[in-house]
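Asker: Following this message is one structure expressed as C-alpha cells.
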Amino acid sequence: MDKLHILIPIIILAPLVGSIMAGVFRHQLGARGAHAVTITGISLSFITSMVVAKSFVFGNAEAVDIVFYQWVASGAFNFHVGVLVDHLSSMMLMFVTFVSLMVHIYSMGYMQKDPGYQRFFSYVSLFTFAMLVLVLSDNLMLLFFGWEGVGLVSYLLIGFWFNRPSAVAGSLKAFLVNRVGDVGFLLGIAMILMYFGTLNYESIFPNVTAVQNLTIEVIPGFHWNVATLMCLLLLIGAMGKSAQVPLHVWLPESMEGPTPISALIHAATMVTAGIYLISRMSPLFELSATALSVVLVVGATTCLFMGILGVFQYDIKRVIAYSTLSQLGYMIAACGASAFSAGMFHLFTHACFKALLFLAAGSVIIGMHHEQDMRKMGGLRKYMPITYVTFLIGALSLAAIPPFSGFYSKDSIIQLVGESTIAGSNYAYFCVVAGAFVTALYTFRAFFLTFHTRERMDEDTRRHLKESPWSVTIPLIILAVPSAILGYFMMKPMLINDPTVLGASIVVSKHLDVIAQWREHFEGLIPMIVESFHSLPCWLALGGIFVAWIMCAKNPEWSESLKKRFSFAHMIMLKKYGFDDFNDLVLVRGTLGLARILFQQGDTRIIDGWVVNGIGRLINWFSFVTRKLQTGYLYHYAFSMVIGLLVFLGWLTVGL
Amino acid sequence: MFETPQFSAALPEIFLLGLTCTVLFVDIFMTARTRIITYSLTQLSLIVLFVITLMTFAWDPILTFSGNYIADSFSSLTKLVMIMLTFFVFVYSRSYIKCRNITGGEYYILGLFSLLGMMVMVSSHSFISLYLGTELLSLPLYAMVALRRESALSSEASLKYFVTGAIASGMLLYGLSLLYGATGSLELTAVSEHLVATDKVAIFGMVFVVTGLLFKLGAVPFHMWVPDVYHGAPSTVTAFITGAPKIAALAIMYRLLVQGMPSLMDSWQQLLIVVAILSMFFGNLLAIAQANVKRMFAYSSIAHMGYMLLGVIAATPEGYAAALLYGIVYAVMAVGGFAVISMLSKVGFEAEYLDDFRGLNARHPWLAFILLLCLFSMAGVPPVFGFFAKLGVIEALISVHYVWLAAVALIFAIIGAYYYLRLVKIMYFEEPSKMSKIRPAKDALIAVSINGLALLVFGIFPSQWITLTRTIFGA
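In C-alpha cells:
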C-alpha cells in the first residue's frame, strides 16, 4: 500500500512542524499565528488519520509494517525507524488526534491572554507528535522514544506555570515517579533485546514461545520464568505511565498544569500508554499466568482504592484525577483478565468522556476565575447551561449508567473479570464491582456540589459568572456526542464480532480467552441494558448517585456527622492511605539522610576531594605543565620530531 | 613497452588543472573591484568538477598511468568530499578575506592547486605520484598561511610550518627511498608483493614514511606545528587546512600501509597505537589549558586524529570504513567550527579568545546553535553525527578485541567533552561581555547553516553514510 508511505509521515510530522513553527517563530507569528499553525497541523493529522483508520476500522485491511530507514546497526542489532499500521494503532491514531484537536480548539479560549500562549501550543503539538510516534512505532526502541517524549512534554506542561511552587513540585514529582517506572521498562526492553536479539514486533511476536520455558537466575538460587520477568518489568513501566498503585502519586499532583493538558495528557492519551503497551505486548503477557495475575490485582486495587479517595477531595480537578486513576485501574484489570479488547474499548470511551469532564471542569474554572474548590461553588447550572448539560452527560457515562458509552465498556469489564479464573480474580471481581458504586458516588458528589446546591461563591465572582466562549463550549458539545453514544456503536465491533475490530493485533491464548466464553451468552445490545437492571453493578451505580444526592445535596449535615463518627477512617482517606507520607518519610527523607551521609563522607571527602577534583586538578596541573613543551621555538619542534622518529626506530627495528 | 594511459580515469584532475590555469590567467586581468569574477569562476569550476567526479565515480578500480594512478570508489568518494569542503571554505573566505585586504586571486588559486595535490594524493598508487601529490598539497598551504602579509603571527606560523614540513618531507622521501631499496619497486602492488616482515631495512623505511604521514595528520609527537599554524593562519585558511588535507593524509596512509605494506602490519599497528594514545592524551589535555579558541580547536584536531587512527589500527574493512567516516565527519565539523569563528570576526578584530564567545546565544542565536552542533559533534554527543563516527571506530576496535584501547579512547573522550562543553556553557549561560552586532555575510551564513545542520541530519540518518563507507572497503 503505497498510499500509507505518504499518509503516515503526514500524520506524524504535521504536529511536529506546527510545534516547531509555534515554538521557534513565536514572536513573528504572535498568538493568532501560533494557534493557526498548530491547529492546521493537528487538523491535517486528524483528517489523514481518519483516512488511514477507515480502511482498518470499516474495511478489513491487512496490517502494514513500513520501515522508513535504518537508524543504526551495531553488531548484530539493527534499529530502524518504522511504523506498524494495524487495527490497534489506527484506532489509537483516531482517538489521539481527535482529542488533541478538541483540546487545541478549547485551549484558544482557556489559555487566552496567558503570556505563554505560543509556548503552550508548541508543547501541546509536540506532545501529539510524541504520542503518535509511541502509538505507531513498530519496535520498542521507537516506542521508548515516544514514551520518553510524552513524559518530557508532560513534565514541561505540568510545570507550565513555572513561577508557582506547587506546579514546579508537581512536575518534578511526575518526572521522578515516572523515572522509577521507566527503569523497569528499560530493563524489560533490554531483556527482550537479550532474548530475542531484536526489538521489532514482527520479529518478536512469532517467536515468543521460545522463551516460554526458559528461566533466569537474577538472584543466585532463584529461578524465574523469563516471560514472567519480562512482563513484570514491562508492567512496571506501564504502572509508572498509567499511574497504578504504588506509582500513582504523581497523577493528582499533575493537576497543577493547565486544565486542557489534564484532559489531553492526564486523562485521554498519555496515561493510557501503559494499557496500550500491555495490549500491544499481549502475545508476551499471554505466556505468563503469573504476570497476568499481577496485572489483574494491581489494576483492581487501583480501581477501587483510588476511587474511594476521590470521594474525599474538594478540588474539582483532583476528583476527576482520582477518577482517572480508578478508570485506568479498570483498563489494567481488563488486560489482566486477558480481555485486552475490553481494556482498549474502555480506553476509547474513557478518552471521550474523561476529556469531556476535564474540559467541562475547565469551563467551570474559567467561570469561577480560577477557583477550583468545590466548597466555593454550587448552583452553577443556571449560569452555565451548556457546561452543565455536557458535564452531566460525561458524569452519567463515567458512572456507567445505561445506555451511555461508559456503561458498555465498564460493564463488559466487570463481567469479563467475573469470567476470569486466574489467581486473584475473585478479589479483582470484588474490587471492580465495588468500584462501580464508588465511581458513581464521587462523580455525582462533584456534580451536585458544583452545579446544584446553594451558591457558596463570593458576590464578586457570582456577578461575573457566565457561560464560557464558543471555543470552549464547542469542543464540549462535540465530545458529548461520543460520550453518550460511542459505546453503543462500538460494543459489537470491539467485543462481540469475531474477529473483533482489533483483529490480529491482539493475541489471546485459548484457555484464557474470557471474551470468547462470554460472547457465547451475549444476546444483544438492548438485552444487555435490560439485563443490567437485574444485576448488581448497575444498582450499585444508581445507589452511588442516590447516596451522593442525599449526602451532598439533600442533607449535607449527614456527611459531616459521618466524618466525625469515623474520624480515623476519614483521616486515612485525607492522608490518601499515607502513600505520600510513606514516600516522604522513607524514600525522600531516608534517601536524603542516606545521601547526606554519603555526600559528606563519601562524596565531598573521597570522591570529590580526591577522585574528581583530584583528577581534575591533576589534569589541569598536567595540562599547564605540558603546555610549556610548546615553547614556540622552531628548533624544539624539529627536535621533538627527530626524537619521536628515533624512539620509534629504536623500538621497532632494534627492539629496545 | 608503453601503453597509452586511460586519461578518462584522471578526468577530474586534468579538468581541475586546466581550470586552475584558466583562473590564474583570468585573474591577471582583474582589479580589486572585479575580483568577484575570479571568485565566481572558481566556485563555478568547483561545482563542475564535483559533477565530473560524480559522473566518473569509479565503482570498479582502474589502474593506469603505468600503475602510478588509481581511480577507485575510495578515491572518488574522498575527492567528492574534498571538493565540497573546498567549496564551502571558499564561500566562508570571500567576505573574510575581502575585509582583510588579502588579495583574492592568489588565495583561490593556491587553494585550487592544493586541492589538486590532494586529489593526486588520494589517487596515487606509487611512491612518485604519492610524493608529488603531497608536495603539491603542502606548498600552496605554506603560502596561504602567510597571506596576511602584514601580520607577524602569520609569517611566523608559515615559516614554522614550512621548515617542519620540509623536515617531514625529507623523512618521507628518505623512507620511500629505503623502501625502494628493499623492494626494488615504486609501485604499490609490486612493493606489497616484495616486502618481507623480517626485513629490517623495510621496517626502517616504514617508520620514516609513517613519520612523514603523521606529520601531515598532525599527530603526537609530530604535532608541534599544529597549534601555531592554526592560530597564526587566517581563520578561513585554518578551516581549509583542518578539513580536506586530513582526509587526503588518511587516504595515503591507507594506500601506503594497507595496500602497500600489509606484511608489515604488526609493526605499523604497534606504532600507530602508541601515536594514537599519545595524540588523544596530549590533544585533549592541552586543549583544556587554552584560552584561545583557535588553539583549542588545534589541540582538539590532534586528539581527533588519534581517534581516526584507531580505525586504521583495527585493520579490518570495518575499521578503515570507520576511519574514513571519522575523517569526513571531523572535516565537516571542524570546517563548521572555524567558519563560525571567522564569521564572528570583524575588520581589525579576530574573535578567538573564549571571552569573545561569552553570551553568543544572546548576540546571534543561530550562529551559537550551529557552533553548538559542531561542538556536540566533536564531543560525540548523540544524535549528532560525531557520535556515530566515534561509535564506528570504537566498535571496530572492540570487534578485533582491542577492548582496552577502546576503553582508553572513551576515557579521553570524556576528558575532551569538558572543554567542548565549557565553550557551550560560555556561549549559552554567561552574559555577553560586549553587545556589538554580529553581521555575517548572507552567503556564508547559509553555507554554515548547511554545514552545521548536515551534522544533525546525518546524525539522525547516519546509516547511508555508514553503509557507503563500508561498501567502499568491501565490509
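Just so you know, the sequences run in chain order L and H.
The opening residue of the first sequence carries number 1 in my numbering; numbering runs sequentially from there.
The opening residue of the second sequence carries number 657 in my numbering; numbering runs sequentially from there.
For each residue, glycine too, the CB sits at the ideal point set by N, CA and C.
Out of L:GLY329, L:LYS317, L:ILE316 and L:VAL295, which one is the CA nearest neighbour of L:PHE305?
Answerer: To locate residue 305 of chain L, count along the first sequence from 1; it is residue 305. The option with the nearest alpha carbon to L:PHE305 is L:GLY329.
Asker: How many Å lie between L:LEU664 and L:LEU476 at the Cα?
Answerer: Examination of residue 664 of chain L is not possible in this model, given that chain L is present from 1 through 656 alone.
Asker: Residues of chain H with CB closer than 9 Å to the CB of L:THR626, please, in chain order.
Answerer: Your numbering for residue 626 of chain L matches position 626 in the first sequence. Neighbours of L:THR626 on chain H, chain order: PHE938, LEU941, LEU942 and ALA945.
Asker: Going by CA-CA distance only, name the one from L:PHE533, L:MET102, L:VAL99 and L:MET374 that's closest to L:LYS317.
Answerer: Start at 1 with the first residue of the first sequence, and residue 317 of chain L comes out as number 317. Among L:PHE533, L:MET102, L:VAL99 and L:MET374, the Cα nearest to that of L:LYS317 belongs to L:MET374.
Asker: Alpha carbon to alpha carbon, what distance is there between L:ALA169 and L:PRO220?
Answerer: Locating residue 220 of chain L in the first sequence gives position 220, where the first residue counts as 1. Locating residue 169 of chain L in the first sequence gives position 169, where the first residue counts as 1. Rounded to whole angstroms, L:PRO220 to L:ALA169 spans 40 Å at the Cα level.
Asker: Within its chain, find whatever has a CB closer than 7 Å to the CB of H:VAL745; leave out the 5 residues flanking it on each side and keep chain order.
Answerer: The residue you call residue 745 of chain H lines up with position 89 of the second sequence. Once the five neighbours on either side are set aside, the close Cβ partners of H:VAL745 are THR892, ALA895, PHE896, GLY899 and VAL991.
Asker: So what's L:VAL547 in DSSP terms, helix, strand or just coil?
Answerer: On the first sequence, residue 547 of chain L is found 547 positions in, with the first residue counted as 1. The answer is helix: DSSP assigns L:VAL547 an H, G or I state.
Asker: Taking the alpha carbon of L:VAL438 as the reference point, which residue from L:THR198, L:GLY544, L:GLY609 and L:ARG462 has its own alpha carbon closest?
Answerer: Along the first sequence, read from residue 1 onward, the residue named residue 438 of chain L stands at position 438. If we check each option's Cα against that of L:VAL438, L:GLY544 comes out closest.
Asker: Compare the Cα-Cα distances from H:VAL980 to each of H:PRO661, H:LEU965 and H:GLY993 and report the closest residue.
Answerer: Numbered from its first residue, the second sequence carries residue 980 of chain H at position 324. Correcting the residue identity first, residue 980 of chain H is Leu in this sequence and not Val. With distances taken between Cα atoms, H:LEU980 lies closest to H:LEU965.
Asker: Count the other CB atoms, across all protein chains shown, that sit within 10 Å of the CB of L:SER509; report buried if there are 16 or more and exposed otherwise.
Answerer: To locate residue 509 of chain L, count along the first sequence from 1; it is residue 509. Under this definition L:SER509 is an exposed residue.
Asker: For my contact list, H:ALA1035 and H:TYR1076 are in at a C-beta cut-off of 8 Å; report their separation, rounded to the angstrom.
Answerer: On the second sequence, position 379 is the one that residue 1035 of chain H refers to. On the second sequence, position 420 is the one that residue 1076 of chain H refers to. Indeed, because the Cβ distance is near 4 Å, the residues count as touching under 8 Å.
Asker: Over the uninterrupted alpha helix (DSSP H) stretch that includes L:VAL389, give me the two end residues.
Answerer: Walking along the first sequence from the start, residue 389 of chain L turns up at place 389. Its alpha helix (DSSP H) spans residues 385-398.
Asker: In whole angstroms, what is the alpha-carbon distance linking H:ALA708 and H:ILE739?
Answerer: As a position in the second sequence, residue 708 of chain H is number 52, starting the count at 1. As a position in the second sequence, residue 739 of chain H is number 83, starting the count at 1. The sequence given here has Ile at residue 708 of chain H, not Ala. The alpha-carbon atoms of H:ILE708 and H:ILE739 are separated by roughly 11 Å.
Asker: Output yes or no for whether 8 Å exceeds the beta carbon distance between L:SER154 and L:ALA174.
Answerer: To locate residue 154 of chain L, count along the first sequence from 1; it is residue 154. To locate residue 174 of chain L, count along the first sequence from 1; it is residue 174. Yes; because the gap between Cβ atoms is below 8 Å, this pair is in contact.
Asker: Closest to H:ALA629 by CA distance: which of H:PHE1044, H:VAL1113, H:VAL996 and H:GLY723 is it?
Answerer: Within the shown structure, residues of chain H are numbered from 657 to 1131, placing residue 629 of chain H beyond reach of any answer.
Asker: Consider the Cβ of L:ALA190: report whether some Cβ of chain H lies at a distance smaller than 8 Å.
Answerer: Within the first sequence, numbered from 1, the residue matching residue 190 of chain L stands at position 190. No, L:ALA190 does not count as interfacial toward chain H.
Asker: Tell me the residue span of the beta strand (DSSP E) that contains L:PHE77.
Answerer: The residue given as residue 77 of chain L occupies position 77 in the first sequence. It spans 77-85 - the beta strand (DSSP E) in which L:PHE77 sits, taken as one unbroken run.
Asker: Could you check if L:ASP498 is buried or exposed, using at least 16 other CB atoms within 10 Å of its CB as the buried criterion?
Answerer: Looking up residue 498 of chain L in the first sequence gives position 498. L:ASP498 comes out exposed.
Asker: Quick check on L:HIS369: buried or exposed, where buried means 16 or more other Cβ atoms within 10 Å of its Cβ?
Answerer: As a working note, residue 369 of chain L is residue 369 in the first sequence. Counting Cβ neighbours within 10 Å, L:HIS369 comes out exposed, since fewer than 16 surround it.
Asker: Look at the alpha carbon of H:PHE1005 and the alpha carbon of H:ILE958, and state the distance between them as a whole number of angstroms.
Answerer: In the second sequence, residue 1005 of chain H corresponds to position 349, counting from 1. In the second sequence, residue 958 of chain H corresponds to position 302, counting from 1. Near 26 Å, if we compare the C-alpha coordinates of H:ILE958 and H:PHE1005.
Asker: Look at L:LEU542 and L:VAL433 and say whether their C-beta atoms are less than 8 Å apart.
Answerer: Counted from its first residue, the first sequence places residue 542 of chain L at position 542. Counted from its first residue, the first sequence places residue 433 of chain L at position 433. For L:LEU542 and L:VAL433, no; Cβs fall outside 8 Å.
Asker: What span of residues does the alpha helix (DSSP H) with H:ASP922 cover, start to end?
Answerer: As a working note, residue 922 of chain H is residue 266 in the second sequence. From DSSP, the alpha helix (DSSP H) with H:ASP922 extends over 921-944.
Asker: Could you pull the start and end residues of the beta strand (DSSP E) that L:SER288 belongs to?
Answerer: Within the first sequence, the letter at position 288 stands for residue 288 of chain L. Segment: none, L:SER288 is in no beta strand (DSSP E) and carries neither H nor E.
Asker: Decide yes or no for the touch test of the stretch 998-1013 of chain H against the stretch 1039-1055 of chain H: beta carbon pairs closer than 8 Å, at least 3 of them.
Answerer: Result no; under three Cβ-Cβ pairs closer than 8 Å.
Asker: Return the chain-ordered list of same chain residues with a C-beta closer than 7 Å to the C-beta of L:THR228, the five sequence neighbours on each side being excluded.
Answerer: Stepping through the first sequence from its first residue, residue 228 of chain L is reached at position 228. Taken in chain order, the residues that qualify are SER288, THR290 and ALA291.
Asker: Quick one, which residues of the stretch 53-75 of chain L are near chain H if we go by CB-CB under 9 Å, in chain order?
Answerer: Taking 9 Å as the Cβ-Cβ cut-off against chain H, the residues of the stretch 53-75 of chain L that qualify are TYR69, GLN70, TRP71, VAL72, ALA73, SER74 and GLY75.
Asker: Assign L:GLY593 to buried or exposed, taking buried as 16 or more other Cβ atoms, counted over all protein chains shown, within 10 Å of its Cβ.
Answerer: Indexing the first sequence from 1 puts residue 593 of chain L at position 593. Exposed.
Asker: Out of H:LYS754, H:LEU797 and H:PHE783, point me to the one whose CA is closest to H:LEU772's CA.
Answerer: Here residue 772 of chain H refers to the residue found at position 116 of the second sequence. Checking every option, the nearest Cα to that of H:LEU772 belongs to H:LEU797.
Asker: Classify H:LEU705: buried if its beta carbon has 16 or more other beta carbons within 10 angstroms, exposed otherwise.
Answerer: Here residue 705 of chain H corresponds to residue number 49 of the second sequence, with the count starting at 1. H:LEU705 comes out buried.
Asker: Apply the 10 Å Cβ neighbour rule to L:LYS745 and answer buried if 16 or more other Cβ atoms are within range, or exposed otherwise.
Answerer: Look at the range of chain L in this structure, 1 to 656, and you will see that residue 745 of chain L is not part of it.
Asker: Residues of the stretch 380-391 of chain L in Cβ contact with chain C at a cutoff of 8 Å, in chain order, please.
Answerer: Going by chain labels, chain C is absent from the structure shown, which instead holds the protein chains L and H.
Asker: With burial defined as no fewer than 16 other Cβ atoms inside 10 Å of the residue's Cβ, what is the status of L:GLN372: buried or exposed?
Answerer: To locate residue 372 of chain L, count along the first sequence from 1; it is residue 372. With 16 or more other Cβ atoms within 10 Å, it is buried.
Asker: So for H:ASP716, helix, strand or coil by DSSP?
Answerer: If you number the second sequence from 1, residue 716 of chain H lands on position 60. Reduced to three states, the DSSP call for H:ASP716 is coil.
Asker: Whose Cβ in chain L lies nearer than 7 Å to the Cβ of H:ILE823?
Answerer: What you label residue 823 of chain H is simply residue 167 of the second sequence in a count that begins at 1. Going along chain L in sequence order, the residues near H:ILE823 (Cβ under 7 Å) are ALA638 and MET641.
Asker: Spell out whether any CB of chain H is found under 8 Å from the CB atom of L:PHE622.
Answerer: Walking along the first sequence from the start, residue 622 of chain L turns up at place 622. Yes, because at least one Cβ of chain H sits closer than 8 Å to the Cβ of L:PHE622.
Asker: Tell me which same chain residues have a C-beta within less than 8 Å of the C-beta of H:LEU667, skipping the five on either side of it?
Answerer: Indexing the second sequence from 1 puts residue 667 of chain H at position 11. Cβ within range, chain order: ILE708 and THR712.
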